[in-house]
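Following my numbering, the numbering of the sequence shown begins with 8 at its first residue and continues without gaps. The C-beta atom is built at its ideal place from N, Cα and C for all residues, glycine as well. Beneath this line is the structure, given in C-alpha cells, with notes to follow.
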Amino acid sequence: MKDLKYLQLFDAYGPLLTEHQRELCELYYMCDLSLTEIAEQKGISKQSVSDTLAKSRIVLDEYEEKLHSVYTAQNTARAAERLASFAEKHPEFAEEIGAILAMLKRD
Numbered sequence: 008m009k010d011l012k013y014l015q016l017f018d019a020y021g022p023l024l025t026e027h028q029r030e031l032c033e034l035y036y037m038c039d040l041s042l043t044e045i046a047e048q049k050g051i052s053k054q055s056v057s058d059t060l061a062k063s064r065i066v067l068d069e070y071e072e073k074l075h076s077v078y079t080a081q082n083t084a085r086a087a088e089r090l091a092s093f094a095e096k097h098p099e100f101a102e103e104i105g106a107i108l109a110m111l112k113r114d
C-alpha cells in the first residue's frame with residue numbers, strides 16, 4: 008500500500024490542492040494506479056506525474072505543518088481510546104468519561 012501518511016494528508020487537505028494535483032493524487036492514492044497508468048490515462052509523461060505528486064506531497068506537508076489537523080485528529084483518537092479503557096477499569100468515572108468522549112467525538 009502506498010504511504011498512509013499522504014493518504015491521510017490528502018483526505019484532510021486534498022480540496023486545497025489544484026484541480027490537477029487533486030486528480031493525480033486521487034488516482035495515485037485512492038485508485039492505487041501506478042505512475043505509468045496515470046500518465047497513460049492523462050496523456051502526460053510519467054515524469055510529469057512524478058513531479059506533480061512530489062510537489063503535492065510538499066504542499067500537503069506544508070498544510071499539516073501549519074494547521075496540524077491530521078496530528079490533532081490522531082491525538083484525539085488516541086486520547087479517546089485511553090479514556091474508554093480507563094472507564095472500563097474504573098466504572099465509577101464512566102458517566103464523566105462518557106461525557107468527555109462525546110465531546111471528543113463531535114465534528
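Item: Secondary structure at ARG113, three-state DSSP: helix, strand or coil?; Value: coil
Item: Output the residue ranges of the beta strand (DSSP E) runs that lie fully inside the segment 23-50 and measure 3 residues or longer, sorted by chain position.; Value: none
Item: Contact between the segment 14-23 and the segment 59-76: three or more CB pairs below 8 Å?; Value: yes
Item: Rounded C-beta distance between ILE104 and PHE93? I'm assuming under 8 Å.; Value: 7 Å
Item: Look up SER52 in the DSSP assignment and say whether it is helix, strand or coil.; Value: coil
Item: How would you label GLN28, buried or exposed, when you count the other beta carbons within 10 angstroms and need 16 or more for buried?; Value: buried
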